[in-house]
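Each step along the first sequence adds one to the number in the numbering used here, with nothing skipped, and position 476 is 638.
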Amino acid sequence: MASEKHLLLIDGNSVAFRAFFALHSQINTFINHSGLHTNAIYAFNTMLDVVLKKFAPTHILVAFDAGKTTFRTKKYDNYKGQRAKTPSELSEQLPFLHDLLKAYGICSYELVNYEADDIIGTLAKRAVDKGFKKVDIVTGDRDLTQLATDQVTVNVTVKGVNHLEAYTPEHIAEKYQLTPRQIIDMKGLAGDTSDNYPGVTKVGEKTAIKLLKKYHSVEGIYEHLAQMKPSKMKENLQNDKQQAFLSKDLATIKQDAPVTVELEDLAYHGQDIAALRRFYQEMDFNSFLSKLADPEADKKREKVKFQKLVQADIPAVLAGFTGPVTFYLEMLASNYHVAPFAGFVIGQKGQWYVSTDVKLLQQPAFTAFFADEKQEKLVFDAKRTYVGLNRLGIKLAGIRFDLLLVSYLLNPNDSGNDLGKIAHLHQYQDVATDEEIYGKGAKRALPEDVQVLYQHLAQKAQAIEQLQAPLDKRLEENEQDGLFKEMELPLAIVLAQMEIAGIRVDKKQLNQLRKQFAQRLETVKQKIYAEAEEEFNINSSKQLGKILFEKMNLPVIKKTKTGYSTAVGVLEQLRPIAPIASDVLDYRGLAKLQSTYIDGLLKVIHPEDQKIHTTYLQTLTATGRLSSIDPNLQNIPVRDEDGRQIRRAFVPRQADWQIFAADYSQIELRVLAHISHDHNLQQAFINGEDIHASTARRIFGLDQNAEVDPNMRRQAKAVNFGIVYGISDYGLSQNLGISRKQAKNYIDSYFQEYPNVKKYMNDIVAMAKKYGYVETLFHRRRYLPDIHSKNFNRRSFAERTAMNTPIQGSAADIIKVAMLNMQRQLKERNLQATMLLQVHDELIFEAPTKELPLLQKLVPQVMDAAVKLEVPMKVGYGSGPTWYDVKES
DNA sequence: GACTTCACG
DNA sequence: ACGTACGTGAAGTCG
């Protein structure tokens, strides 16, 4: 006998139920980034850890109930009839328990027609028969205690899921003075309220135990019933005889269910760490994640050899390189435009040279090396590397591979930007994460021992080099090599150049606005205090809610998770009945401008060049768009006049220059017209119609040339937006403030008028289901695992995403192509004009006034020619002395 | 650090 | 019956 086998059987449903209520008080804090409740999954995971440690089983299975109907409901159709429906917050978690178990390497099992209890009863018996030394059962339910024997212990959760009460035959004898099998008789007599079967009238646990001590079993009781003294109880027993036997039968756990798994298949071989890590990331279980990150992990990582680079060796080292060279430049602080340099690593084929002295890079041999575009480089984050080297006066060319960009293209959902984490994602373990080496938050700093830094840098370089071939191969398999080589990689350089160029901001203008806003802010503040008859913090939605809805008793229109909503929509509805609502809106508007835009922008103006240098995130969004941070220059106010004034501060870098901007008109709807091949939608664009008016005519059944009143156009515009977002009647009704039914009518008529748009929507969802992802025109991918979710919300969200991503993503692709071509044109033509900003469908430039006539032709032409669609593109443009003055002409 | 609000396409 | 419009970033409050 090689080993003593020990089987652990877990009652999945009942433990999940206990787990759910164990953390029920914290249900609102256990929500992951996808909006899934995770409290039951979390507690279930804790339980697993506890029992694995406690029992150290050799074999495990978790049994689940298969469905509502079982052989018991056939015998007694009220079985479990009174049971409350499982809360949706719990049922949405159940599918993920299976994922968790799979990652744990634990078999889960359910059997049609049987309950988890019966699976457990059957396997417990089989295991004992097959010579297992021990069986432990974990459940939240005392029913299973009937299975206890010398070999089988039933562990019932008490208070939460981490404390177990072990029911052995001895323990049961002590507690009930019964044998385990008599538990069944007890249930037969006393019934079970939770399973909703009756037992005998007026007989509860106590009476049942008394009777069983005397007569041993239900059968025994009825054999001796005649001899019992007349009593109310005797009468009840007589009347309820059938019920008693039925209840006993229902309470009996099957030990011969047709379970199809073999005991050998339940052997436990441990967790799948990579799968578990993915799962914890998905659930946002950071504590489990960090426990998983084995504290010894870094020690287990293969050490990489490195040499400290000294100046004298540079020419020889560079001369010795053949083929691609890996280079990595370390900067710790978040903003790489100003972050101090921490060090660098360079090398190839496992030969790494490190240094903390970035001045070495300015040696002529190095600068020539970096500028040589024939000398291929492998990097992590080309844009950051380009900007960093630029700060050292070094030109960078010849990048051939960017680990960050490639990883993003392979799966834009993995939007992290830590080299170590990304490497681990691709099964490369021999590199630490930055958090492991530098720490996080306020504690983030260079390691005391410089050797630790060197090792980390060398490991990073090795990771880049090792991952290049396999990830390049995956790009090709996905037909994404073109997307990488011809779009994203060259774009990284263009973006770097735009960030470096920066945009000039006029401090005086901002300060002037600040004064003006401050005055108005003070006035409206006092007015609000007067109306509220007290002073309070208007910025606090909580305090504001109290004033509006408790003190002033205004009607509550909407609630948020935590209290009253005071959002714009709500205040607008209150406006007619309460002037304070209007004033709060004014206050909010001004406060936002003041803090986010005036103060916010003043803080980030570079003291030397008076410019703002944003950072574009090229590897963040799930759709392929860029984002802009520190500061965000993609959300500078434009819609309201007050906010629009901010744009007066954005000026050209030289007098006698102008700001020039060009934008795509309706690019997303044009993309939709292209990919759906919808004739009517295409025709509207080909005829150069006002697209929203055209849609209005169609969905409201007007004549071709009929006048469209502004309200109809507004509604049609909302429908068009809805279509692009992956429409739902509810969403549209909310947006337009109409009934859901009315919204549905609009959508139905839209689809009738644009049948191929409807077909596209159906087809793209079907594609997502079939392949698990959707694609843009340029093969950008987005995986949608939730498309198969049983959870309505998650699935619906995935379906809307499937409809929207190819549209938004293709539009993002198109402007990226335009940017590349634009930058080439500016260079080839030796123009001074500079591309400064991208705001999703528009490009902003600064240029000498004398170049404007050329730009007015060139920019629209380049943007227009970026891609050939089945419908024409339309590009608008304008210019002026400040960004504010740029209005389309 | 979660939550709410609001700026943009 | 379920309860959402798609994609972002920043500032403020509050526990």
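Don't be surprised by glycine CBs; every beta carbon is placed ideally from N, CA and C.
Can you name the residues that DSSP bridges to residue 1042?
Against the first sequence, residue 1042 aligns to sequence position 880. Beta-bridge pairing links residue 1042 to 821.
CB-CB under 6 Å to residue 205, same chain, minus the five flanking residues each way: which ones, in chain order?
On the first sequence, position 43 is the one that residue 205 refers to. 181, 184, 185 and 323, listed in sequence order.
When the distance is taken between beta carbons, is residue 798 closer than 8 Å to residue 742?
The count along the first sequence starts at 1 and reaches residue 742 at position 580. The count along the first sequence starts at 1 and reaches residue 798 at position 636. The answer is no: Cβ separation not under 8 Å.
Residue 1016 lies in the alpha helix (DSSP H); which residues open and close that run?
What you label residue 1016 is simply residue 854 of the first sequence in a count that begins at 1. Unbroken alpha helix (DSSP H) run through residue 1016: 1014-1026.
With a threshold of 8 Å, are at least 3 pairs of Cβ atoms found where one atom belongs to the stretch 534-550 and the other to the stretch 622-629?
Cβ pair count under 8 Å is three or more, so yes.
Let me check understanding here. Comparing Cα to Cα, which of 800, 444 and 752 lies closest to residue 675?
Taking the first sequence and counting its residues from 1, the one referred to as residue 675 is at position 513. Proximity to residue 675 across 800, 444 and 752 peaks at 752, based on C-alpha coordinates.
Close-in-space but distant-in-sequence residues of the same chain around residue 721 (CB under 8 Å, 5 per side omitted)
Position 559 of the first sequence, counted from the first residue, corresponds to residue 721. Closer than 8 Å at Cβ, skipping near neighbours: 727.
Going along the chain, which residues of its own chain have a beta-carbon closer than 8 Å to the beta-carbon of residue 278, five neighbours each way excluded?
In the first sequence, the residue the question calls residue 278 occupies position 116. Closer than 8 Å at the Cβ level, and outside the excluded window around residue 278, lie 173, 174, 175, 176, 225, 226, 227 and 272.
Among residues of its own chain, excluding the 5 on either side of residue 972, which ones have a beta-carbon nearer than 6 Å to its beta-carbon?
Taking the first sequence and counting its residues from 1, one reaches residue 972 at position 810. The residues are 833, 938 and 939.
Please report the straight-line C-alpha distance between residue 554 and residue 666, rounded to a whole angstrom.
Looking up residue 554 in the first sequence gives position 392. Looking up residue 666 in the first sequence gives position 504. If I take the Cα positions, the gap works out to 22 Å.
Quick test of the definition: if touching needs 3 or more C-beta pairs under 8 Å, does the stretch 415-432 touch the stretch 376-383?
no
Give the secondary structure of residue 365 by DSSP, where H, G and I count as helix, E and B as strand, and everything else as coil.
As a working note, residue 365 is residue 203 in the first sequence. The answer is coil: DSSP assigns residue 365 none of H, G, I, E or B.
Under the assumption that residue 995 contacts residue 988 (Cβ atoms under 8 Å), give the Cβ distance between them as a whole number of angstroms.
Start at 1 with the first residue of the first sequence, and residue 995 comes out as number 833. Start at 1 with the first residue of the first sequence, and residue 988 comes out as number 826. Indeed, because the Cβ distance is near 6 Å, the residues count as touching under 8 Å.
Please return the same chain residues whose Cβ sits closer than 7 Å to the Cβ of residue 340, not counting the five positions on each side in sequence.
Against the first sequence, residue 340 aligns to sequence position 178. The answer, listed in chain order, is 334, 348, 371 and 374.
Would you mind listing the beta strand (DSSP E) stretches within the stretch 308-371 that are 3+ residues and don't spill past its ends, in chain order?
314-320 and 325-329
What residue range is occupied by the uninterrupted alpha helix (DSSP H) comprising residue 922?
Within the first sequence, the letter at position 760 stands for residue 922. Here the alpha helix (DSSP H) through residue 922 covers 917-933.
Inter-residue spacing [alpha-carbon to alpha-carbon] between residue 261 and residue 646:
By 1-based counting over the first sequence, the position of residue 261 is 99. By 1-based counting over the first sequence, the position of residue 646 is 484. For residue 261 and residue 646, the distance between alpha carbons rounds to 33 Å.
Thinking C-beta only, is residue 315 closer than 8 Å to residue 298?
Here the question's residue 298 lines up with position 136 in the first sequence. Here the question's residue 315 lines up with position 153 in the first sequence. Yes. Within cutoff.
At the level of alpha carbons, what is the spacing between residue 219 and residue 168?
Here residue 219 refers to the residue found at position 57 when the first sequence is read from its first residue. Here residue 168 refers to the residue found at position 6 when the first sequence is read from its first residue. Taking the straight line from one Cα to the other gives about 5 Å.
Extract the residue ranges of the alpha helix (DSSP H) inside the stretch 839-914, only unbroken runs of 4 or more that lie entirely within it.
With a minimum length of 4 residues, the continuous alpha helix (DSSP H) runs that stay inside the stretch 839-914 are 841-848, 853-861, 872-887 and 891-898.
With DSSP collapsed to three states, give me the class of residue 591.
Start at 1 with the first residue of the first sequence, and residue 591 comes out as number 429. Looking at residue 591 - three-state DSSP - the assignment turns out to be coil, as it is neither helix nor strand.
Inter-residue Cα distance where the pair is residue 474 and residue 514:
Residue mapping note: residue 474 aligns to position 312 of the first sequence, counting from 1. Residue mapping note: residue 514 aligns to position 352 of the first sequence, counting from 1. So the two alpha carbons sit approximately 16 Å from each other.
Residue 759 vs residue 686 beta-carbon contact at 8 Å:
To locate residue 759, count along the first sequence from 1; it is residue 597. To locate residue 686, count along the first sequence from 1; it is residue 524. No, these two residues do not count as a Cβ contact at 8 Å.
Measuring straight from C-alpha to C-alpha, what distance separates residue 413 and residue 350?
Reading the first sequence from its first residue, position 251 is the one you call residue 413. Reading the first sequence from its first residue, position 188 is the one you call residue 350. Looking at the two C-alpha atoms, the distance is approximately 7 Å.
Does the beta-carbon of residue 809 have 16 or more other beta-carbons within 10 angstroms, so that it is buried, or is it exposed?
Within the first sequence, the letter at position 647 stands for residue 809. Residue 809 should be labelled buried.
Cβ pair count under 8 Å reaching 3, the stretch 845-858 against the stretch 1038-1048:
No, because fewer than three Cβ pairs between the stretch 845-858 and the stretch 1038-1048 fall closer than 8 Å, the two stretches do not touch.
Is residue 657 near residue 822, with beta carbons less than 8 Å apart?
Your numbering for residue 657 matches position 495 in the first sequence. Your numbering for residue 822 matches position 660 in the first sequence. Not in contact: residue 657 and residue 822 (Cβ atoms no closer than 8 Å).
Buried or exposed for residue 472, please, with buried defined as at least 16 other CB atoms from any protein chain shown within 10 angstroms of its CB.
Residue 472 sits at position 310 when you count from the first residue of the first sequence. So residue 472 counts as exposed.
7 Å Cβ shell around residue 836 - same chain, five flanking residues per side excluded:
Indexing the first sequence from 1 puts residue 836 at position 674. These residues qualify, in order along the chain: 1031, 1032 and 1033.
List the endpoints of the continuous alpha helix (DSSP H) containing residue 1056.
What is shown of the chain runs 163 to 1051, which leaves residue 1056 out entirely.
Where in the stretch 655-725 do unbroken runs of the beta strand (DSSP E), each at least 3 residues long, occur, reported from the N-terminal end onward?
665-667
Just reading off the beta strand (DSSP E) that residue 791 is part of, what are its end residues?
Locating residue 791 in the first sequence gives position 629, counting from the first residue. Here the beta strand (DSSP E) through residue 791 covers 789-791.
Can you have a look at residue 1055 and say buried or exposed, based on whether 16 or more other CB atoms are within 10 angstroms of its CB?
Missing from the structure shown is residue 1055; the chain here goes from 163 to 1051 and no further.
Under 8 Å between the Cβ atoms of residue 1025 and residue 887?
Within the first sequence, residue 1025 is the residue found at index 863, counting from 1. Within the first sequence, residue 887 is the residue found at index 725, counting from 1. Not a contact, by the Cβ cut-off of 8 Å.
Give a yes or no on whether the C-beta atoms belonging to residue 794 and residue 450 are separated by under 8 Å.
The residue labelled residue 794 in the question sits at position 632 within the first sequence. The residue labelled residue 450 in the question sits at position 288 within the first sequence. No.
Between which residues of its own chain and residue 1038 is the CB-CB distance below 6 Å, once the five residues before and five after are set aside?
Position 876 of the first sequence, counted from the start, is the residue given in the question as residue 1038. So the qualifying residues of the chain are 825, 827 and 1050.
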